[in-house]
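> Quick note: the sequence shown, position 122, residue 126 per my numbering, numbers continuous. No residue lacks a Cβ here, since even glycine has one placed at the ideal position from N, Cα and C. Just so it is clear, the structure is predicted and the values come from calculations on it, not from any experiment. Can you keep this structure in mind? I'll have questions shortly.
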Amino acid sequence: MTTAALSVSASAVLIGLSAVSPGTASFWRCVIALPPLLLVALRERRTAGAPARRATLYALLAGVFFAGDMLLWTQAIFEVGAGLSTVLVNLQVVLVPVLAWAVDRERMTRRFLACVPVMLLGVVLTAGLVGHAPSGPDPTWGTVHALLAAVCYSGFLFLLRRGGQGGPPVQPYLLVMASAAVVSLAVGVCWHGVDLAPGAASFGWLAAAAICAQVVGWLLVAVCSPELPSQLGAVLLLLTPIGSVLLGALVLGERPSPPQLAGCVLILAGAFALARRGNPRPAAKRGAALAAREDHLAG
């Protein structure tokens with residue numbers, strides 16, 4: 005999951021370099037990822053068989069949420085700036101465990117509840133908001149779009165984790181990307197447009213973003229998250245803003261401030277505190293058994 009988070013973190017920098025609309029970025033990131041994912045999914049199907057029908061439904065719905073997350077978050081960056089958008093979308097660290105508790109009855113530990121405020125403070129510092137007002141031409145709508153992106157992001161992560169429980173994870177993930185591509189195209193055409201023929205430079209940046217995030221990062225999340233407690237998976241994804249800060253320094257020549265570096269330390273400390281302690285077993289086994297039983301009854 006750590007490798008996944010750092011791979012996903014590259015997408016923010018690469019999409020910014022592509023300089024395209026939210027719909028264009030979301031659509032092409034998913035479409036470019038489909039051929040390599042299809043090859044991996046076909047190999048998985050030969051060795052592990054097809055996923056259950058319930059996993060297929062989860063995947064298609066997760067794709068809708070993922071498209072919403074990509075479209076809304078990209079738009080929020082333009083409206084309120086990357087800093088506040090990053091903070092708000094990472095409310096998933098609270099929302100995903102709450103969903104797992106409400107639906108799967110997965111217990112939230114005291115240590116998790118104690119670490120969340122520390123790590124959220126770390127996200128605020130890492131985003132560069134301390135000492136700076138939120139930038140952007142429309143902070144009100146930017147905040148609204150970022151909060152909606154957080155809801156979509158949380159729904160995507162929860163369904164992605166559930167769809168991979170007790171079955172092959174790559175085939176459902178392929179359906180997630182296909183579903184997200186369709187939704188991104190349909191919504192993007194009506195909302196800021198979709199460029200079906202971006203320039204060579206923009207397409208190159210989008211291809212790099214697709215490989216880093218969709219082919220590597222989110223695929224690893226799809227494979228690993230069903231095996232981890234929802235709390236730990238959500239926390240490890242907070243490493244994404246740290247990766248964005250590092251890449252911004254290496255690629256764009258940005259110099260992180262002392263508060264940003266302090267925020268990175270807080271996030272890493274919280275993640276380490278949760279990762280090193282024995283976490284409660286995820287509800288994956290229980291959820292997988294329930295899903296299998298329901299599929300059997302439905303069949």
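Below 8 angstroms between beta carbons: does that hold for GLY274 and VAL127?
Position 270 of the sequence shown, counted from the first residue, corresponds to residue 274. Position 123 of the sequence shown, counted from the first residue, corresponds to residue 127. Not a contact, by the Cβ cut-off of 8 angstroms.
> So what's GLU231 in DSSP terms, helix, strand or just coil?
Residue mapping note: residue 231 aligns to position 227 of the sequence shown, counting from 1. Helix at GLU231.
> Just how far apart, CA to CA, sit GLY72 and VAL186?
For the purposes of this step, residue 72 is identified with residue 68 of the sequence shown, where counting begins at 1. For the purposes of this step, residue 186 is identified with residue 182 of the sequence shown, where counting begins at 1. Cα to Cα, GLY72 sits roughly 11 angstroms from VAL186.
> Between the C-alpha atoms of LEU232 and LEU161, what's the straight-line distance to the nearest angstrom?
In the sequence shown, the residue the question calls residue 232 occupies position 228. In the sequence shown, the residue the question calls residue 161 occupies position 157. The straight-line gap from Cα to Cα measures roughly 12 angstroms.
> Does the beta-carbon of PRO202 have 16 or more other beta-carbons within 10 angstroms, so that it is buried, or is it exposed?
Taking the first residue of the sequence shown as position 1, residue 202 is located at position 198. The residue is buried, with at least 16 neighbouring Cβ atoms inside 10 Å.
> When the Cβ atoms of the segment 252–264 are set against those of the segment 232–244, are three or more pairs found closer than 8 angstroms?
Not touching, per the Cβ criterion.
> If you compare alpha carbons, which of TRP145, ARG57, LEU163, ASP199 is closest to GLY67?
For this step, residue 67 is matched to residue 63 along the sequence shown. It is LEU163.
> Look at the alpha carbon of GLY146 and the alpha carbon of PRO39, and state the distance between them as a whole number of angstroms.
Position 142 of the sequence shown, counting from 1, holds the residue named residue 146. Position 35 of the sequence shown, counting from 1, holds the residue named residue 39. Going by the C-alpha atoms only, they are around 34 angstroms apart.
> Mind checking which residues open and close the alpha helix (DSSP H) that includes THR60?
Sequence index remark: in the sequence shown, residue 60 carries index 56 (1-based). First-last of the alpha helix (DSSP H) with THR60: 57–84.
> Kindly indicate which residue of LEU251, GLY257, LEU236 has the alpha-carbon position closest to the one of LEU117.
Translated into the one-based positions of the sequence shown, residue 117 becomes position 113. Nearest option by C-alpha distance: LEU236.
> So is GLY170 buried or exposed if we call it buried at 16+ other beta carbons inside 10 Å?
Here residue 170 corresponds to residue number 166 of the sequence shown, with the count starting at 1. Buried, by the Cβ-count rule.
> By the 10 Å Cβ neighbour count, where 16 or more other Cβ atoms means buried, how is GLY167 classified, buried or exposed?
Here residue 167 corresponds to residue number 163 of the sequence shown, with the count starting at 1. Classification for GLY167: buried.
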